[in-house]
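To start, the structure itself, in structure tokens.
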Amino acid sequence: MYRILMVDDSAFMRKVISDILHKMPSVETVQTARNGQNCLDTLKSDPNFDLILMDVEMPVMDGITALKKIKQSFAVPVVMLSAVSAQAITIQALELGAADFIEKPVNLMSIENEWVRDLYTKIKNICTQGSRPSKPQPVTAIKRPQSKSRPQHPQAIVIGSSTGGPKALLEVIGKIRQTKIPIFIVQHMPAGFTKSFSERLNEESGARVVEAEDGMLIKNQIYLCPGDYHMTLSGRRICLDQRAKRHGTRPAVDYLFESAAPLYTDQLAAFILTGMGHDGTAGLQKITQSGGYAIAEDEASCTVFGMPRAAIAAQVVDEVMSLKEIGQTLQAIVR
272 MYRILMVDDS AFMRKVISDI LHKMPSVETV QTARNGQNCL DTLKSDPNFD LILMDVEMPV
332 MDGITALKKI KQSFAVPVVM LSAVSAQAIT IQALELGAAD FIEKPVNLMS IENEWVRDLY
392 TKIKNICTQG SRPSKPQPVT AIKRPQSKSR PQHPQAIVIG SSTGGPKALL EVIGKIRQTK
452 IPIFIVQHMP AGFTKSFSER LNEESGARVV EAEDGMLIKN QIYLCPGDYH MTLSGRRICL
512 DQRAKRHGTR PAVDYLFESA APLYTDQLAA FILTGMGHDG TAGLQKITQS GGYAIAEDEA
572 SCTVFGMPRA AIAAQVVDEV MSLKEIGQTL QAIVR
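First residue of the sequence shown: 272, per my numbering; consecutive thereafter.
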């Protein structure tokens, strides 16, 4: 049973979200705080919360300042409540260690069921990951044919991530100084936030990072799929579309992976990073069947081990690595 601390300066927002949380299965207690300082005072007297749901913009102490102090003193995961207008601040929160974020509902008088399901899924997955054993259970990738080795000079790289992905991507992409091949990234993120995130990645990386556009000619740079679009590859161009959500999300990693597999065959390296659910597994199956090479992030470095675990369990992964090792591997490949 989960204990949640809900932090927002709006009394009405606290009431509406608290009522929603109380109705969720497995949520035992919901306590509220009106700003970041109030949140810290609450944690000092009772640190035993499973998750903090916190507004980004608040008086007295804002969400960013509170997040920094929480990360210094408490081991409670934080999910940020973010308005579309606070894109850059939200990206900063993820970089500082927020487990995830969710957009504030537009109409508090009529919150959509999809938003409630999305919030519950985030809470369940993050709380479950937070209660895992301190020593991760060993997960071994299925050994593929001995003749198959990691490609030293692939023609392209594809990366898929979800919860915890922004911080992970900043770590591995930020260390790339230049790239002689294209890198395509699908990060589960809503519309309006991927532009800010691509700009932040571009600031960190020596290679050029752009938010992908429909019809873009593929060059040797890094492409981030825009929120609310699926990204596929066709010939030398990028295609974006808004077909139905897959695995409850748009963008979906699987569409990118499945389109890249026949295009690059055995000259493709794929990475599946932290994230909830099993998006990417079907695409990795296509990639490995086509001769490509698949690498999954290990449990110890994941925020949520859902997507890598699913891929490993489906026997479509060649290697399991820590995030640090993935960063080193990427640097070696693209140089």
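Built from N, CA and C at the ideal position, the CB exists for glycine as well.
Sequence-distant Cβ neighbours of SER432 in its own chain, meaning closer than 7 Å and more than five residues away, are ALA439, LEU440, GLN458, LEU544, THR545, GLY546. Cβ contact annotation for SER572 (same chain, cutoff 7 Å, sequence separation greater than five): SER593, LEU594, in chain order.
A residue is called buried once 16 or more other Cβ atoms fall within 10 Å of its Cβ, and HIS549 is buried on that count. A direct Cα-to-Cα measurement between PRO533 and PRO579 gives close to 22 Å. Boundaries for ASP279: no alpha helix (DSSP H) harbours it, and the DSSP string shows neither H nor E there. In this structure, ILE493 places its C-beta atom within 8 Å of the C-beta atom of THR450. Bounds of the alpha helix (DSSP H) holding TYR535 are 524-535.
For LEU495, the pairing in a beta bridge is given by DSSP as ILE456, GLU482. Within the same chain, and ignoring the five residues on either side of GLU385 in sequence, no residue has its Cβ closer than 7 Å to its Cβ. In the DSSP assignment, THR503 falls within the beta strand (DSSP E) that extends over 501-505. Contact between ILE558 and ILE597 does not hold, since the beta-carbon distance rounds to 16 Å and is not under 8 Å. Distance from the CA of PRO522 to the CA of LYS375, rounded to the nearest whole angstrom, comes to 19 Å.
Membership of PHE576 in any beta strand (DSSP E) is not indicated, and neither H nor E is assigned to it by DSSP.
For PHE468, the number of other beta carbons within 10 angstroms of its own is at least 16, and it is reported as buried. Excluding its 5 nearest sequence neighbours in each direction, ASN473 has C-beta neighbours in its own chain below 6 Å: VAL480, listed in chain order.
Excluding sequence positions up to five before and after ALA427, its CB lies within less than 6 Å of the CB of ILE452, PRO453, TYR535, LEU539, all in the same chain and listed in chain order. Our two residues, SER316 and GLY334, have alpha carbons roughly 19 Å apart in a direct line.
The beta-carbon distance between ASP499 and PRO461, rounded to whole angstroms, is 7 Å. This is short enough to meet the 8 Å contact definition. Counting along the chain, the unbroken alpha helix (DSSP H) around GLN602 starts and ends at 594-605. The three-state reading of DSSP puts ARG521 in coil, since its state is none of H, G, I, E or B. The alpha-carbon separation between VAL301 and LEU601 amounts to approximately 42 Å. In the DSSP annotation of this structure, ARG508 is not part of any alpha helix (DSSP H); the continuous beta strand (DSSP E) holding it starts and ends at 508-512. In the assembly as shown, GLN423 is an exposed residue. Its beta-carbon has fewer than 16 other beta-carbons within 10 Å.
Residue burial is scored here from C-beta neighbours: ASN396 has at least 16 other C-beta atoms within 10 angstroms and is therefore classed as buried. Closest in alpha carbon position to GLU484, among ALA585, LEU504, PHE283, is LEU504. Apart from the 5 residues on each side of it in sequence, LEU379 sits with its Cβ closer than 6 Å to the Cβ of VAL287 in its chain, given in chain order. When the alpha-carbon of LYS393 is set against those of TYR273, VAL524, GLY562, the nearest one is in TYR273.
The Cβ-Cβ distance between VAL349 and LEU365 does not fall below 8 Å. Judged by DSSP secondary structure, GLY431 falls within the beta strand (DSSP E) whose first and last residues are 427-432.
With fewer than 16 other Cβ atoms from the protein chains shown falling within 10 Å of its own Cβ, ARG421 counts as exposed.
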